[in-house]
Amino acid sequence: MNKISIKLQQKESPPTEKNIDAISNWLMLFAYPMEKATKKPCFPFQEKLLKRQQELGLKTVDTSPVVIDLPNKNSSHVSYAAIEASISSFQLLTLARKLVAAHSPTNPAQLGLFVYGFNKVESERIAEALISATLAAAADMPKFKTEKQTISRLSKLSLYGVRVNHGFKESFAIAEGNALTRRLSILPPNKLTPTEYLKEVKELARENKWKLEFYDEPILKKKKAGAFLAVSQASPKADSGIVRLRYTPKISTKGKKVFLIGKGICYDTGGVNLKPANYMYGMHEDMQGSAVALGVFLALTKINFNRPVECWMALAVNHIGPKAYKPNDVITASDGTTIEIIHSDAEGRMVLSDTLALASKEKPSLIIDYATLTGACMYSIGTSYSGVFTNKKEWHADLIKAGEDSGERVWPFPLDEDFDHMIKSDIADIKQCSQESGVDHILASRFLQRFVKNNTPWVHMDLSSSNKKGGLAHIPTDTIGFGVRYSVNLLLNNYLK
Ligand SMILES: [Zn+2]
Numbered sequence: 239m240n241k242i243s244i245k246l247q248q249k250e251s252p253p254t255e256k257n258i259d260a261i262s263n264w265l266m267l268f269a270y271p272m273e274k275a276t277k278k279p280c281f282p283f284q285e286k287l288l289k290r291q292q293e294l295g296l297k298t299v300d301t302s303p304v305v306i307d308l309p310n311k312n313s314s315h316v317s318y319a320a321i322e323a324s325i326s327s328f329q330l331l332t333l334a335r336k337l338v339a340a341h342s343p344t345n346p347a348q349l350g351l352f353v354y355g356f357n358k359v360e361s362e363r364i365a366e367a368l369i370s371a372t373l374a375a376a377a378d379m380p381k382f383k384t385e386k387q388t389i390s391r392l393s394k395l396s397l398y399g400v401r402v403n404h405g406f407k408e409s410f411a412i413a414e415g416n417a418l419t420r421r422l423s424i425l426p427p428n429k430l431t432p433t434e435y436l437k438e439v440k441e442l443a444r445e446n447k448w449k450l451e452f453y454d455e456p457i458l459k460k461k462k463a464g465a466f467l468a469v470s471q472a473s474p475k476a477d478s479g480i481v482r483l484r485y486t487p488k489i490s491t492k493g494k495k496v497f498l499i500g501k502g503i504c505y506d507t508g509g510v511n512l513k514p515a516n517y518m519y520g521m522h523e524d525m526q527g528s529a530v531a532l533g534v535f536l537a538l539t540k541i542n543f544n545r546p547v548e549c550w551m552a553l554a555v556n557h558i559g560p561k562a563y564k565p566n567d568v569i570t571a572s573d574g575t576t577i578e579i580i581h582s583d584a585e586g587r588m589v590l591s592d593t594l595a596l597a598s599k600e601k602p603s604l605i606i607d608y609a610t611l612t613g614a615c616m617y618s619i620g621t622s623y624s625g626v627f628t629n630k631k632e633w634h635a636d637l638i639k640a641g642e643d644s645g646e647r648v649w650p651f652p653l654d655e656d657f658d659h660m661i662k663s664d665i666a667d668i669k670q671c672s673q674e675s676g677v678d679h680i681l682a683s684r685f686l687q688r689f690v691k692n693n694t695p696w697v698h699m700d701l702s703s704s705n706k707k708g709g710l711a712h713i714p715t716d717t718i719g720f721g722v723r724y725s726v727n728l729l730l731n732n733y734l735k
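Residue numbering for the sequence shown follows our numbering, beginning at 239 and increasing consecutively.
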């Protein structure tokens, strides 16, 4: 498991020369333009750092990090930059990732962090980004090489220039949640089958005192969850199902309930509409939505979130085989809706439809679901943003704002009724998708919305930024775990009123 055992020390003052000497790796962020030392330097090596910037000809704000070895006895290795306080969270986290990367080759056990020249609020925000990037890089991800792998030695962060009472507890919780999401997503599909996934979740449930229920296939049959079972019926082993986890806050149990729901397709072959090789490779990450839901759930638990939360994960594999569902099948979902199957690769909306229908029956005050759902979302917005959809149009501004704040950026898409004509079926209540539409991300959301009952306020995130070569924002791995930081920010700051 990805417990973080890194200790954070904080000091409001700048480091002394002795402090600098004691730590061999430093990350520093200064207000732009960097101050010249007047009579006495404000911190050690001020002149040296400034001079190096000048040598490099950095005349304007430049967010590429400068790297230098100081002339002290340790030759302390420093990566630093000068930025304006107005820098966007996304840019700040991206810079923080690069500053951290300058130290990865030496795998230090201790890092010094220093923020200087900003007001209190700005300093805290900047230190938070440095800490988050540091924790993201320190999380070891699964490797199956016979050769011995280096694991992160980082055990201590010494922060100078900022001191806060909360000790950046939220950032540590988010880092733990995100690391869990990434680790599960990276696991190969023969290691993370629905059976193994459930084992992992049971272990976490024990550790975190969550209540766990598993709606296995016989239970789902009783609940008439035909849409979910259409996907799972091709599996040689009946290990698919819906995990339901419950977190109850210690202080009050009366707050409005939040449900987190995720698509957990542990491998997506496409089914009888088999994916071509290039599109199938990487499909072990088609469970990332469920891992994001779980990551958010873990982070909220760690910060003792004051509202009850449930996490619902739809775990299955989209297999090929003689029992697999196929185009032209007509399936009946748990709410009685009949669905005409068009394409077996649109399995995500099938498992989610029953999960949403069953979950919304419990009348939560908010549902957020996460899914690596459509290629169309990626084509329309790229891989640096994820798409969001909601049945509460008035939330669009809040959804965008939470992305700007957290640095995990999202953009809303329309969800108007008139899109439905594209998934109108002659033989059933609705088509699963359209044969020709380029707006599959919108149609998928229209499809899902049908299964959100009782007018439950609902946000759906189509995770187009779940995987990005070289990382995204503060995350250094290709697998991003996008959505954990975003959602915690969204929920803690009480957006979506
Ligand atoms: Zn698929």
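Where is the CB? At the ideal position from N, CA and C, for every residue including glycine.
These figures come from a predicted structure and were not determined experimentally.
Query - Other residues of its chain near Val568: CB distance less than 8 Å, five sequence neighbours each side excluded - result: Counting from one through the sequence shown, the residue named residue 568 turns up at place 330. For Val568, the CB contacts under 8 Å within the same chain, skipping 5 residues up- and downstream, are Thr576, Ile577, Glu578, Ile579, Ile665, Ala666 in chain order.
Requested in this report: Indicate whether Thr715 and Met266 have their beta-carbon atoms separated by less than 8 Å.
Outcome: Against the sequence shown, residue 715 aligns to sequence position 477. Against the sequence shown, residue 266 aligns to sequence position 28. Here Thr715 is not near Met266, since their CB atoms are 8 Å or more apart.
Query raised in the report: Going straight from the alpha carbon of Gly193 to that of His557, what length do you get?
Result: Here the chain has residues from 239 to 735 only, and residue 193 is not among them.
**Report entry** Residue closest to Glu674, alpha-carbon to alpha-carbon, out of Leu686, Met660, Gln687, Phe685
**Finding:** For this step, residue 674 is matched to residue 436 along the sequence shown. Considering only alpha carbons, the answer is Met660.
Requested in this report: Might you give, ordered along the chain, the residues of its own chain that have their beta carbon closer than 8 Å to the beta carbon of Lys706, omitting 5 neighbours on each side?
Outcome: Translated into positions along the sequence shown, residue 706 becomes position 468. The beta carbon of Lys706 sits closer than 8 Å to those of Thr621, Ser622, Asp716, Ile718, all from its chain and outside the five residues before and after it, given in chain order.
Report task. Have a look at Lys735 and Arg647 and give me their C-alpha separation to the nearest angstrom. Result -> Residue 735 sits at position 497 when you count from the first residue of the sequence shown. Residue 647 sits at position 409 when you count from the first residue of the sequence shown. Our two residues, Lys735 and Arg647, have alpha carbons roughly 20 Å apart in a direct line.
Report task. Can you tell me which of the three DSSP states Cys504 falls into? Result -> Within the sequence shown, the letter at position 266 stands for residue 504. DSSP, reduced to helix, strand and coil, places Cys504 within a strand of the structure shown.
Query raised in the report: Cβ of Glu585 versus every heavy atom of ligand 1: is any distance shorter than 7 Å?
Result: By 1-based counting over the sequence shown, the position of residue 585 is 347. Glu585 Cβ: within cutoff of ligand 1.
**Report entry** Touch test, the stretch 530–542 against the stretch 411–421, Cβ-Cβ under 8 Å, three pairs minimum
**Finding:** In this structure the stretch 530–542 lies against the stretch 411–421, because at least three pairs of beta carbons, one per stretch, are closer than 8 Å.
Query raised in the report: Can you give the Cα-Cα distance for Ala595 and Glu408, rounded to whole angstroms?
Result: Position 357 of the sequence shown, counted from the first residue, corresponds to residue 595. Position 170 of the sequence shown, counted from the first residue, corresponds to residue 408. Cα to Cα, the separation comes out at about 32 Å.
Query raised in the report: What are the start and end residues of the beta strand (DSSP E) that includes Ala666?
Result: Residue 666 sits at position 428 when you count from the first residue of the sequence shown. Counting along the chain, Ala666 falls outside any beta strand (DSSP E), and DSSP gives it neither H nor E.
Query raised in the report: Between which two residues does the alpha helix (DSSP H) harbouring Gln292 extend?
Result: In the sequence shown, counting from the first residue as 1, residue 292 sits at position 54. In the DSSP annotation of this structure, the continuous segment of the alpha helix (DSSP H) that includes Gln292 starts and ends at 284–293.
**Report entry** Under the three-state DSSP convention, the category His659 falls into
**Finding:** Within the sequence shown, numbered from 1, the residue matching residue 659 stands at position 421. The DSSP-derived three-state label of His659 is helix.
Report task. Would you decide whether Lys501 is buried or exposed? Buried here means 16 or more other CB atoms lie within 10 Å of its CB. Result -> Within the sequence shown, residue 501 is the residue found at index 263, counting from 1. Buried is the call here.
Report task. Would you check if the distance between the CB atom of Ser370 and the CB atom of Leu430 is smaller than 8 Å? Result -> Reading the sequence shown from its first residue, position 132 is the one you call residue 370. Reading the sequence shown from its first residue, position 192 is the one you call residue 430. Taking 8 Å as the Cβ cut-off, Ser370 and Leu430 do not qualify as a contacting pair.
Query - Cβ-heavy atom distance, Gly613 to ligand 1, below 7 Å - result: Taking the sequence shown and counting its residues from 1, one reaches residue 613 at position 375. No; taking the cut-off as 7 Å, the Cβ of Gly613 has no heavy atom of ligand 1 nearer than that.
Query raised in the report: Helix, strand or coil for Met272 per DSSP?
Result: Along the sequence shown, one-based indexing puts residue 272 at 34. Met272 carries a coil assignment under DSSP once its states are collapsed to helix, strand and coil.
**Report entry** Other residues of its chain near Asn542: CB distance less than 8 Å, five sequence neighbours each side excluded
**Finding:** As a first step, residue 542 is located in the sequence shown; it is residue number 304 there, counting from the start. For Asn542, same chain residues with a beta-carbon under 8 Å away, outside a window of 5 residues either side, are Pro487, Lys488, Ile489 in chain order.
Query - Per-residue burial, Lys662 [other beta carbons within 10 Å of its own, 16 or more giving buried] - result: Position 424 of the sequence shown, counted from the start, is the residue given in the question as residue 662. Exposed.
Requested in this report: Round the Cβ separation of Gly625 and Trp649 to the nearest angstrom and send it over; I've been treating them as touching at under 8 Å.
Outcome: Counting from 1 along the sequence shown, the entry for residue 625 is found at position 387. Counting from 1 along the sequence shown, the entry for residue 649 is found at position 411. About 6 Å; that satisfies the 8 Å criterion.
Query raised in the report: Nearest-angstrom Cα distance between Glu293 and Val305?
Result: What you label residue 293 is simply residue 55 of the sequence shown in a count that begins at 1. What you label residue 305 is simply residue 67 of the sequence shown in a count that begins at 1. For Glu293 and Val305, the distance between alpha carbons rounds to 12 Å.
Query raised in the report: Taking all protein chains shown into account, do 16 or more other C-beta atoms lie within 10 angstroms of the C-beta of Ala635, making it buried, or fewer, making it exposed?
Result: On the sequence shown, residue 635 is found 397 positions in, with the first residue counted as 1. Exposed is the call here.
Query raised in the report: In the DSSP assignment, what residue or residues form a beta bridge with Lys475?
Result: Here residue 475 is taken as the residue at index 237 of the sequence shown, counted from 1. BP columns for Lys475 are empty, so no partner.
Query raised in the report: Using a Cβ-Cβ cut-off of 8 Å (strictly less than) and excluding sequence neighbours within five positions of Ser736, which residues of its own chain qualify?
Result: Outside the shown range of the chain (239 to 735) lies residue 736, about which nothing can therefore be said.
Query - Identity of the residue in Gln329, Ser725, Tyr505, Ile713 nearest Ser302 by Cα - result: If you number the sequence shown from 1, residue 302 lands on position 64. For Ser302, the nearest C-alpha among the options comes from Gln329.
Report task. May I have the straight-line CA-CA distance separating Arg684 from Lys691, to the nearest angstrom? Result -> Numbered from its first residue, the sequence shown carries residue 684 at position 446. Numbered from its first residue, the sequence shown carries residue 691 at position 453. Straight-line Cα distance between these residues: approximately 13 Å.
Requested in this report: Please say whether Ala463 and Ala571 have beta carbons closer to each other than 8 Å?
Outcome: On the sequence shown, position 333 is the one that residue 571 refers to. On the sequence shown, position 225 is the one that residue 463 refers to. Contact flag set, yes.
**Report entry** Any 3 or more C-beta pairs closer than 8 Å across the stretch 432–444 and the stretch 515–523
**Finding:** A contact is defined here as three or more CB-CB pairs under 8 Å, and the stretch 432–444 fails this definition with respect to the stretch 515–523.
Query raised in the report: For the candidate residues Ala529, Leu373, Lys277, Leu553, whose alpha-carbon lies nearest to that of Gln471?
Result: If you number the sequence shown from 1, residue 471 lands on position 233. It is Leu553 whose Cα lies nearest to the Cα of Gln471.
Requested in this report: Have a look at Tyr453 and Val589 and give me their C-alpha separation to the nearest angstrom.
Outcome: Locating residue 453 in the sequence shown gives position 215, counting from the first residue. Locating residue 589 in the sequence shown gives position 351, counting from the first residue. A straight-line Cα-Cα distance of about 13 Å links Tyr453 and Val589.
Requested in this report: Would you please verify whether the beta carbon of Asp259 is less than 8 Å from any beta carbon of chain C?
Outcome: Looking at the structure shown, chain C is missing, and only one protein chain is on hand.
Requested in this report: Would you kindly work out how many angstroms separate the C-alpha atoms of Lys381 and Ile619, rounded to a whole number?
Outcome: In the sequence shown, counting from the first residue as 1, residue 381 sits at position 143. In the sequence shown, counting from the first residue as 1, residue 619 sits at position 381. When rounded, the distance between both Cα atoms is 31 Å.
Query - Tyr354, buried or exposed, once every other Cβ within 10 Å from all chains shown has been counted against 16 - result: Along the sequence shown, read from residue 1 onward, the residue named residue 354 stands at position 116. Burial of Tyr354 is indicated by the presence of at least 16 other C-beta atoms within 10 angstroms of its C-beta.
Report task. Please say whether Cys615 and His679 have beta carbons closer to each other than 8 Å? Result -> Taking the first residue of the sequence shown as position 1, residue 679 is located at position 441. Taking the first residue of the sequence shown as position 1, residue 615 is located at position 377. Result yes, Cβ atoms of His679 and Cys615 sit closer than 8 Å.
Requested in this report: Leaving out five residues on either side along the sequence, give the residues of the same chain with a beta carbon under 6 Å from the beta carbon of Asp573.
Outcome: Translated into positions along the sequence shown, residue 573 becomes position 335. For Asp573, where only same-chain residues beyond five positions count, the Cβ hits under 6 Å are Ala595.
Requested in this report: Confirm, please, whether the CB-CB distance from Tyr318 to Gly350 is below 8 Å.
Outcome: Within the sequence shown, residue 350 is the residue found at index 112, counting from 1. Within the sequence shown, residue 318 is the residue found at index 80, counting from 1. In this structure, Tyr318 does not lie closer than 8 Å to Gly350 by Cβ.
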